[in-house]
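The structure appears below as structure tokens.
Residue numbers (the numbering used here): 24 to 663.
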């Protein structure tokens with residue numbers, strides 16, 4: 024009993040010291056809070072205001088703007104260049120602009136389409152190590168007659184790369200001075216619009232704060248209120264930062280229901296993991312009317328005695344609640360690292376490759392979509408694979424099933440995950456892939472594996488299922504792992520990975536797809552003229568790059584080991600004839616004399632995929648063979 028009392032006393036003393044430190048920091052912050060006469064310079068949402076000496080500005084990549092109908096095409100790129108110039112023009116720019124050539128190289132390397140999705144924007148930003156990506160639209164561009172001036176209307180969106188959502192922007196329309204030449208007038212109007220857009224973005228301040236307490240019934244208390252321009256009905260994003268890795272990710276959205284002067288109550292609309300104390304909240308950006316600033320700066324009032332008291336009490340309440348729930352917290356796991364998605368070289372499938380997880384990994388959830396912008400919230404989970412796997416092979420097979428974890432209360436007992444699959448036509452479910460990984464209790468999920476459609480591109484998102492013992496509470500001493508108190512294990516679903524893909528499911532070419540030269544045993548297959556031979560085969564839906572591989576060893580029909588001739592064919596249909604004619608190319612490559620047996624096959628792929636087929640870089644047809652004709656004997660010298 025004495026030992027327990029001593030431990031309890033030490034825990035209370037630790038908590039008391041934490042409260043004293045928090046109180047001291049709060050008082051320092053209240054005393055140093057600027058008054059309205061000091062005109063504080065707050066950094067705008069998605070930008071930097073007064074930059075500290077030696078601190079790098081956030082990087083921003085600017086993509087070409089979209090254009091509406093009847094807008095000259097050249098204005099799309101000109102708008103991006105004008106905005107970049109406007110951002111760099113001030114004496115103290117708010118962003119460091121990524122050079123255009125670097126942006127273009129990234130777009131080419133990542134194969135980003137002209138109208139990128141949110142996922143594409145995140146990929147470009149991550150590739151360029153840019154915190155923000157700007158893009159927009161040229162809504163209209165006209166030249167009036169009397170007076171003759173140019174008028175340009177642009178909209179700008181600035182995306183937070185980590186959260187994948189717009190955090191700043193502008194909606195402006197400007198006109199040029201009077202002039203004569205139309206192109207010059209539009210360019211002048213565009214430059215003015217870009218400068219006005221930069222001014223409006225610099226002035227935009229989105230309300231930003233933190234979650235103080237998570238309340239019952241999916242509600243939260245925020246540390247910002249009416250003084251921070253928070254209003255009832257405002258939708259806010261919740262951003263979580265992993266303290267171990269520093270990785271930041273959007274984990275949910277909330278809707279403000281009740282606003283007080285210095286705090287707000289909000290309902291959780293959705294969350295991908297548990298929203299916790301200290302998670303960041305940020306108002307969602309809404310495109311303002313033309314010429315208006317989205318959210319202008321808030322003018323702070325001089326702090327009063329009441330505000331001092333509130334500034335002390337609320338942080339202490341939040342700290343107390345945080346300490347009280349330490350033992351029951353479920354810290355989110357990092358999202359799995361993504362590697363690549365490939366067509367399979369043997370056809371009829373896709374392989375998805377990703378990094379392994381740390382700790383005790385129960386398994387991996389697999390989600391599939393047929394657009395680059397899909398998310399798990401509107402997609403079907405197609406499979407659950409037990410164990411700490413690093414790849415998944417998707418096929419054209421249909422099956423459905425469920426994965427369940429056995430309830431385990433004994434911390435010394437190792438539970439397991441059962442993956443049960445039911446294939447149509449079978450009378451009962453079969454237990455397969457049983458994992459002896461340590462897992463948690465109370466996990467029961469169903470999956471439905473729909474067949475891959477051959478010739479279609481697909482994207483994937485994954486999430487790991489991990490197991491760990493609950494943490495020990497600082498105050499109450501409850502938790503798993505010792506003495507049998509509480510639960511033995513808890514389940515932790517990682518954050519969702521970024522999108523993996525695209526990859527195309529390509530069918531395997533059959534014998535009938537290789538037309539000529541005819542296969543050995545067929546008429547005309549044993550007297551082929553190697554000096555002039557035409558290879559004919561049929562196209563595969565989804566493939567736009569084809570190559571023939573010719574050699575004398577059927578085991579070495581591979582890049583670098585056999586003769587290869589490549590062609591492009593963009594007609595996306597099955598069964599369209601393709602021809603590759605070789606004149607003297609095979610003779611020069613092989614230099615054979617006499618009758619020789621040759622083997623050939625076709626490799627094919629989709630050039631727009633994330634990566635070449637795995638593992639050979641091509642999807643392969645079957646192998647065919649032919650024989651060259653006997654060369655006539657060399658006549659004897661001096662013969663008649």
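All C-beta atoms in this analysis are idealised placements derived from N, C-alpha and C, irrespective of residue type, glycine included.
Between the alpha carbons of residue 617 and residue 650, how many angstroms are there, rounded?
Here residue 617 corresponds to residue number 594 of the chain shown, with the count starting at 1. Here residue 650 corresponds to residue number 627 of the chain shown, with the count starting at 1. Going by the C-alpha atoms only, they are around 10 Å apart.
Cβ shell of residue 652 (< 6 Å), same chain only, five flanking positions each side left out:
By 1-based counting over the chain shown, the position of residue 652 is 629. 550.
Between the Cα of residue 163 and those of 126, 98, 113, spot the shortest distance and give me the residue it belongs to.
Numbered from 1 along the chain shown, position 140 holds the residue referred to as residue 163. Among 126, 98, 113, the Cα nearest to that of residue 163 belongs to 98.
Classify residue 651 as helix, strand or coil using the three-state DSSP reduction.
The residue you call residue 651 lines up with position 628 of the chain shown. Residue 651 falls in the strand class under three-state DSSP.
Just reading off the alpha helix (DSSP H) that residue 612 is part of, what are its end residues?
Translated into the one-based positions of the chain shown, residue 612 becomes position 589. 608 to 613 is the extent of the alpha helix (DSSP H) around residue 612.
Have a look at residue 87 and residue 607 and give me their C-alpha separation to the nearest angstrom.
To locate residue 87, count along the chain shown from 1; it is residue 64. To locate residue 607, count along the chain shown from 1; it is residue 584. Residue 87 and residue 607 have their alpha carbons spaced roughly 47 Å apart.
Whole angstroms is fine: what's the gap from residue 552's alpha carbon to residue 359's?
In the chain shown, the residue the question calls residue 552 occupies position 529. In the chain shown, the residue the question calls residue 359 occupies position 336. If you take the alpha carbons of residue 552 and residue 359, they lie about 55 Å apart.
Taking Cβ to Cβ, would you say residue 396 is nearer than 7 Å to residue 141?
Mapped onto the chain shown, residue 396 falls at position 373. Mapped onto the chain shown, residue 141 falls at position 118. Result yes, Cβ atoms of residue 396 and residue 141 sit closer than 7 Å.
Counting Cβ pairs, one atom from each stretch, are 3 or more of them under 8 Å apart for the segment 209 to 217 and the segment 117 to 131?
With the cut-off at 8 Å, the segment 209 to 217 and the segment 117 to 131 do not touch.
Tell me which same chain residues have a C-beta within less than 6 Å of the C-beta of residue 634, skipping the five on either side of it?
Stepping through the chain shown from its first residue, residue 634 is reached at position 611. In its chain, beyond the 5 residues on either side, 363, 365 have a beta carbon closer than 6 Å to the beta carbon of residue 634.
Could you work out which residue in 123, 564, 371 is closest to residue 151 when comparing CA atoms only?
Taking the first residue of the chain shown as position 1, residue 151 is located at position 128. For the residues 123, 564, 371, the minimum Cα distance to residue 151 belongs to 123.
Are the segment 440 to 447 and the segment 365 to 384 touching by the rule of at least three beta carbon pairs closer than 8 Å?
no
So what's residue 449 in DSSP terms, helix, strand or just coil?
Mapped onto the chain shown, residue 449 falls at position 426. The predicted model places residue 449 with a pLDDT of 46, which falls under 50 and marks its position as unreliable, so this point remains unresolved.
Nearest to residue 156 by CA position, among 131, 186, 167, 170, is which residue?
The residue labelled residue 156 in the question sits at position 133 within the chain shown. Among 131, 186, 167, 170, the Cα nearest to that of residue 156 is on 186.
Given residue 103 as reference, the closest of 558, 214, 165 once Cα atoms are compared:
Position 80 of the chain shown holds residue 103. Residue 103 has its Cα closest to that of 214, out of 558, 214, 165.
Exposed or buried, residue 629, counting other C-beta atoms within 10 Å across all chains shown (16 or more means buried)?
Mapped onto the chain shown, residue 629 falls at position 606. With 16 or more Cβ atoms within 10 Å of its Cβ, residue 629 is classed as buried.
Endpoints, the beta strand (DSSP E) within which residue 264 is located
For the purposes of this step, residue 264 is identified with residue 241 of the chain shown, where counting begins at 1. Looking at the DSSP string, the run of the beta strand (DSSP E) that includes residue 264 is 258 to 264.
Alpha carbon to alpha carbon, what distance is there between residue 389 and residue 458?
As a first step, residue 458 must be located in the chain shown, where it is residue number 435. As a first step, residue 389 must be located in the chain shown, where it is residue number 366. Unreliable positioning characterises residue 458 in this predicted model, as indicated by a pLDDT of 48, which lies under 50. The coordinate reading is nonetheless provided below. The straight-line gap from Cα to Cα measures roughly 17 Å.
Please list the segments of the beta strand (DSSP E) lying wholly inside the segment 117 to 203, counting only runs of 3 or more residues, in order along the chain.
155 to 166, 173 to 183, 188 to 198
Rounding to the nearest angstrom, what Cα-Cα distance links residue 595 and residue 158 in this structure?
The count along the chain shown starts at 1 and reaches residue 595 at position 572. The count along the chain shown starts at 1 and reaches residue 158 at position 135. Whole-angstrom Cα-Cα distance: 31 Å.
Excluding the 5 residues preceding and the 5 following residue 478 in the sequence, name in chain order all residues of the same chain whose CB lies nearer than 6 Å to its CB.
For the purposes of this step, residue 478 is taken as residue 455 along the chain shown, with counting starting at 1. Here the set comprises 564, 565.
Pull up the distance between the alpha-carbon of residue 279 and that of residue 248, whole angstroms please.
Taking the chain shown and counting its residues from 1, one reaches residue 279 at position 256. Taking the chain shown and counting its residues from 1, one reaches residue 248 at position 225. Their Cα atoms are separated by approximately 10 Å.
Count the other CB atoms, across all protein chains shown, that sit within 10 Å of the CB of residue 203; report buried if there are 16 or more and exposed otherwise.
By 1-based counting over the chain shown, the position of residue 203 is 180. Classification for residue 203: exposed.
Contacting residues, own chain, Cβ-Cβ under 8 Å from residue 481 (five flanking each side not counted):
As a first step, residue 481 is located in the chain shown; it is residue number 458 there, counting from the start. Taken in chain order, the residues that qualify are 364, 373, 391, 392, 393, 417, 475, 524, 525, 526, 527, 528.
Count the other CB atoms within 10 Å of the CB of residue 473; is the residue buried (16 or more) or exposed (fewer)?
On the chain shown, position 450 is the one that residue 473 refers to. Result: exposed.
Nearer than 6 Å: is that true of the beta carbon of residue 123 relative to any heavy atom of the ligand ADP?
The ligand ADP is absent from the structure shown, which contains no ligands of any kind.
Proximity below 7 Å, CB of residue 490 to CB of residue 383
Residue 490 sits at position 467 when you count from the first residue of the chain shown. Residue 383 sits at position 360 when you count from the first residue of the chain shown. Closer than 7 Å, so yes.
Residue 108 lies in the alpha helix (DSSP H); which residues open and close that run?
As a working note, residue 108 is residue 85 in the chain shown. Residue 108 -> alpha helix (DSSP H) spans 97 to 111.
Would residue 632 be called buried (16 or more neighbouring beta carbons within 10 Å of its own) or exposed?
In the chain shown, counting from the first residue as 1, residue 632 sits at position 609. The residue is buried, with at least 16 neighbouring Cβ atoms inside 10 Å.
Does the beta-carbon of residue 199 have 16 or more other beta-carbons within 10 angstroms, so that it is buried, or is it exposed?
In the chain shown, the residue the question calls residue 199 occupies position 176. Buried, since its Cβ has 16 or more Cβ neighbours within 10 Å.
By DSSP, does residue 271 sit in helix, in strand, or in coil?
By one-based count along the chain shown, residue 271 stands at place 248. DSSP, reduced to helix, strand and coil, places residue 271 within a strand of the structure shown.
Element boundaries [alpha helix (DSSP H), containing residue 206]
Stepping through the chain shown from its first residue, residue 206 is reached at position 183. Looking at the DSSP string, the run of the alpha helix (DSSP H) that includes residue 206 is 205 to 226.
Using the Cα positions of residue 81 and residue 275, report the straight-line distance between them to the nearest angstrom.
Translated into positions along the chain shown, residue 81 becomes position 58. Translated into positions along the chain shown, residue 275 becomes position 252. The straight-line gap from Cα to Cα measures roughly 24 Å.
Can you tell which of 367, 614, 255, 554 has the C-alpha that lies nearest to the C-alpha of residue 605?
Position 582 of the chain shown, counted from the start, is the residue given in the question as residue 605. Per the Cα distances, 554.
Run through the DSSP bridge pairs and tell me what residue 587 is partnered with.
Along the chain shown, one-based indexing puts residue 587 at 564. 572.
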